[in-house]
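Just so we're aligned, residue 0 is where the sequence shown starts under numbering that gives the first Met the number 0, counting upward by one.
Down below is the structure, laid out as structure tokens.
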Amino acid sequence: MPENVVVLDERDLARTYDTPAYDDPYAAVMDYQAVMRYASEHPNKGSGAISSALEIPRGRIRPWLESGSKPDPARAIDVARELGWLDARYLDREFVGLNTLVANVFSGGSISTGRFEPSFALNYREHRSHVIDALEMVGLEYGFHNEGSDEHATEVRPSEHSSVLGRTLAVLGAPVGPKTDLEDLTLPWYLEDAPYETREMFVLAYLANRGTHHRTKDTITVQEDRPESYRRELAALIEDVAKEPVTVGEQNVTVSAAAARSLGIQPRYESERIANSE
């Protein structure tokens, strides 16, 4: 897929919703747009006349015309478009942020079932975690939760348009619900044809959250109690980006020292090693 191709499709976003009056949620969007367009072109027409002209039940369109309501899928599309997500190409700031957030769902976050609300655990950098930069890149405000808790990691969550973000990440391939329950877990579909920079950012974000560094060697271990097929897929992605060996174990993926250096990842204990060698 070329770098200048728009990645997200508004139809896929719309179809994450449940619309009882429509078999296809995107049909609600098309009806809403048709009604509003007809009303703007015929300002003297009331809801009854518009209903007859477009053959849409009057009871369905009256709230759209008289109280400013909008079908949830249409509202989500408007939000995503206003924030620049629907027009974003792979290397645009907005998609760089979305890609990073998808990586964080896989490696240190979750999207709730039903409500599609995402939350992201801060990594070892705490309030300097890259996920905060990613939320700013997609144009959302955020808040922190569980700060000071001894039982739960501090999380950052969007304080606005949370469900729209979660649904957008789900469309991009982020898992919804507990990841350990997913036997068919796979990496996001868009990575296959994505440019190198997109794949690299996904890998770096993933390893920043789940990579375990060692005091005596420069390899990085990623503990993954997930299907073997997923571990192999993840290892193949990291190896393809790093161009150095990455191996798969029974419950882990090991990034070789050469691969870690190729990715520009500095061991977290490097300063300690230098101090001990002096």
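Think of the CB as a built atom: it goes at the ideal place given N, C-alpha and C, for glycine as much as any other residue.
Excluding residues up to 5 positions away in sequence, S261 lie with their Cβ nearer than 7 Å to the Cβ of K242 in the same chain. With respect to the C-alpha of V155, the residue from D183, R231, D132, G45 having the closest C-alpha is D132. Under the three-state reduction of DSSP output, F115 falls in the coil class, being neither helix nor strand. With respect to the 8 Å criterion, E159 and E135 are not classified as neighbours on the basis of their beta carbons. Inter-residue distance for Y205 and E9 is about 27 Å (C-alpha atoms, whole angstroms). In the DSSP assignment, R156 falls outside any alpha helix (DSSP H) and within the unbroken beta strand (DSSP E) covering 154 to 157.
Counting the other CB atoms within 10 Å of its CB gives P194 a total below 16, which places it among the exposed residues. Going by DSSP, V137 is part of no alpha helix (DSSP H) at all; its letter is neither H nor E. Counting only residues of its own chain and dropping the five nearest sequence neighbours on each side, P226 has a CB closer than 7 Å to the CB of E182, L184. In its chain, beyond the 5 residues on either side, A133, M136, V137 have a beta carbon closer than 6 Å to the beta carbon of G96.
Around S39, the same chain offers no residue with a beta carbon nearer than 7 Å, after the five sequence neighbours per side are excluded. In the three-state scheme derived from DSSP, where H, G and I count as helix and E and B as strand, Q222 is classed as strand. The region 82 to 93 makes no contact with the region 102 to 118: fewer than 3 CB pairs, one atom from each, lie closer than 8 Å.
Between L164 and P174, the C-beta spacing is not below 8 Å. If you draw a straight line from the Cα of G263 to the Cα of K216, it comes to about 15 Å. DSSP places T246 in the strand class (E or B) of the three-state scheme. Taken atom to atom, the span from the alpha-carbon of S51 to that of V34 is near 11 Å. No Cβ-Cβ contact shorter than 8 Å links L12 with A73. Secondary structure note for S66: it is in no alpha helix (DSSP H), with a DSSP letter that is neither H nor E. When the Cα atoms are used, R59 and A169 turn out to be separated by approximately 29 Å. By the CB criterion at 8 Å, N208 and N122 fall inside the cutoff. In the structure shown, S46 falls within a helical segment according to DSSP collapsed to helix, strand and coil. L236 and P62 have their alpha carbons spaced roughly 49 Å apart. Closest by C-alpha distance to G210, out of I55, A20, N103, I49, is N103. Taken through DSSP and simplified to helix, strand or coil, V95 comes out as helix.
Cβ neighbours of G108 within its own chain (closer than 7 Å, five residues either side excluded): P117, S118, F119, A120. By the C-beta density criterion, R231 is exposed, having fewer than 16 other C-beta atoms within 10 angstroms.
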